[in-house]
Amino acid sequence: MKLLTEVLCGAAKGCQNAVFLTLGTGVGGGIVIDGKIFEGGHPGGAELGHIKCGVEQRRCTCGRLDCLETYASATALIHDAKKMAQEHPESLLWALCGNDLAQMNAKIPFDAADAGDLCGKTLVDNYIQYLADGITDLANIFRPDLIVLGGGVCAQGEKLTEPLNEHLRANCFGNTVAYVPRTVVAKNGNQAGIIGAAGLVFS
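So, in structure tokens, the structure goes:
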């Protein structure tokens with residue numbers, strides 16, 4: 005529904021083919037093909053957060069190892085930030101979470117990176133690399149007009165999308181001769197699902 009909202013009146017307005025990823029507790033997804041929501045032929049389809057990514061043997065909630073969700077969700081970034089802070093007591097990560105790892109959130113690594121903290125920069129670079137790999141796979145499979153990102157992590161805006169788009173331009177299949185989709189941040193917030201549902205009813 006959120007992707008339909010972005011196609012109707014958001015970042016993907018006018019696009020007939022788009023992919024949407026929500027970076028939150030997990031990695032949710034949505035696909036629009038020829039202006040219609042694509043869910044597959046049976047329940048359980050279009051689970052974009054469960055494509056393979058990485059080789060660290062991270063256990064996903066679905067039971068498999070190394071799903072995109074275990075690397076590119078906000079939950080994954082917070083987990084990695086806590087681990088990094090424990091390994092590097094000198095890191096600015098500690099001060100930014102008030103010396104309480106329970107207060108760690110997905111914004112703190114970006115803030116630490118902006119302040120020049122090496123641990124923060126490593127976390128952000130790794131996170132973007134994992135997400136970029138997953139997005140490139142989706143671009144190669146669907147070749148949409150646009151890839152739209154939603155969720156709290158996307159508050160980082162161009163800090164997130166610029167390196168993702170650079171990665172896409174460099175690694176998308178046929179990048180020198182074929183269309184390479186851009187990654188953008190969703191324009192609609194918490195009302196996106198409601199707007200999308202209404203659009204589905206009246207379409």
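So for the sequence shown, the numbering used here puts the first residue at 5; every next one is plus one. In this text, a Cβ means the ideal position worked out from N, Cα and C, and glycines have one as well.
For the 8 Å CB-CB criterion, Val11 and Lys17 form a contact. About 23 Å separates the beta carbon of Leu52 from that of Leu127, a gap too long to meet the 8 Å contact definition.
Counting only the Cα atoms, Cys101 lies some 5 Å from Gln107.
For His83, there are no CB contacts under 8 Å within the same chain when 5 residues up- and downstream are skipped. Contact check for Asp149 and Pro185: beta-carbon distance about 6 Å, within the 8 Å limit, so the pair qualifies. Between the alpha carbons of Gly49 and Arg147 lies a distance of about 18 Å. Exclusion of the five residues before and after His54 leaves Cys66, Cys71 as the residues of its chain whose Cβ lies within less than 6 Å of its Cβ.
In the three-state reduction of the DSSP assignment, Cys71 falls in the strand class. Taking a cut-off of 8 Å for Cβ pairs, the stretch 116-123 and the stretch 170-183 do not touch, as fewer than three such pairs fall below it.
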